[in-house]
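Enquirer:
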Amino acid sequence: MSTVALTIDYSNGAHKHFSSIPWKEGLTILGAIQASEEIVPGVKISFGSDRVGHVLKLVIDGSPREDGPASEWVVWVNAKPFQGRLGTETSFGFKPDEREDNLLKPGDHVLIKQVLVP
1253 MSTVALTIDY SNGAHKHFSS IPWKEGLTIL GAIQASEEIV PGVKISFGSD RVGHVLKLVI
1313 DGSPREDGPA SEWVVWVNAK PFQGRLGTET SFGFKPDERE DNLLKPGDHV LIKQVLVP
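According to this note's numbering, the stretch in the sequence shown is residues 1253 to 1370, in order.
(1) Just how far apart, CA to CA, sit T1259 and S1271?
(2) According to DSSP, is I1291 part of a helix, a strand, or is it coil?
(3) Who are the Cβ neighbours of P1316 in its own chain at under 6 Å, not counting the five residues just before and after it?
(4) Use the C-beta contact count for V1373: other C-beta atoms within 10 angstroms, 16 or more gives buried, fewer gives exposed.
(5) What's the gap between the Cα of S1254 and the Cα of F1334?
(6) Exposed or buried, what is V1295 when buried is set at 16 or more other beta-carbons lying within 10 Å of its beta-carbon?
(7) Check whether the Cβ atoms of E1355 and W1275 sit closer than 8 Å, and answer yes or no.
(8) Taking the CB atoms as reference points, tell me whether H1306 and G1339 lie closer together than 8 Å.
(9) Considering only residues of the same chain and omitting the five flanking positions on each side of E1350, which have a CB-CB separation below 8 Å?
(10) By alpha-carbon positions, which one of T1280, G1320, W1325 and I1364 ends up nearest to P1348?
Rendered as structure tokens:
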């Protein structure tokens, strides 16, 4: 079975690593993050979206907290910064060319890291 890996770095010394998220054709970065919810120890994910469906205000395991320092999640795929915007099926309907940037391949490693907003 083909898989992708996901590492979540909370930037406080805590990490979660999921080394065997099942890959299937069409798996996106957001899809891999959401799949980690079902793998022990799991994560809790919530987010909003803009008018065309791009992910806004991604919250993982309650972080970032609204009463904490301003921070956001940034994404790397295979040690390269992800330059696009995290998309949903809705956003791909409006902007189908963005799907390709969000697709994962078997063996890919996604790192999502919380960083302070300057």
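Think of the CB as a built atom: it goes at the ideal place given N, C-alpha and C, for glycine as much as any other residue.
Expert: Checking against the coordinates, here is how it stands:
(1) Taking the sequence shown and counting its residues from 1, one reaches residue 1259 at position 7. Taking the sequence shown and counting its residues from 1, one reaches residue 1271 at position 19. Those two C-alpha atoms are separated by around 8 Å.
(2) Translated into positions along the sequence shown, residue 1291 becomes position 39. In this structure, I1291 counts as coil in the three-state DSSP scheme.
(3) Position 64 of the sequence shown, counting from 1, holds the residue named residue 1316. S1323.
(4) No statement about residue 1373 is possible, as the shown extent of the chain runs from 1253 to 1370 and does not include it.
(5) Counting from 1 along the sequence shown, the entry for residue 1254 is found at position 2. Counting from 1 along the sequence shown, the entry for residue 1334 is found at position 82. Between S1254 and F1334, the C-alpha separation is close to 22 Å.
(6) Counted from its first residue, the sequence shown places residue 1295 at position 43. Buried, because 16 or more other Cβ atoms sit within 10 Å of the Cβ of V1295.
(7) Stepping through the sequence shown from its first residue, residue 1355 is reached at position 103. Stepping through the sequence shown from its first residue, residue 1275 is reached at position 23. According to the sequence displayed, residue 1355 carries Leu and not Glu. No.
(8) Sequence index remark: in the sequence shown, residue 1306 carries index 54 (1-based). Sequence index remark: in the sequence shown, residue 1339 carries index 87 (1-based). Their beta carbons are under 8 Å apart, which means H1306 touches G1339 by this criterion.
(9) Numbered from 1 along the sequence shown, position 98 holds the residue referred to as residue 1350. Contacts found: G1336, R1337, G1339, S1343 and F1344.
(10) As a working mapping, residue 1348 is identified with position 96 in the sequence shown. If we check each option's Cα against that of P1348, T1280 comes out closest.
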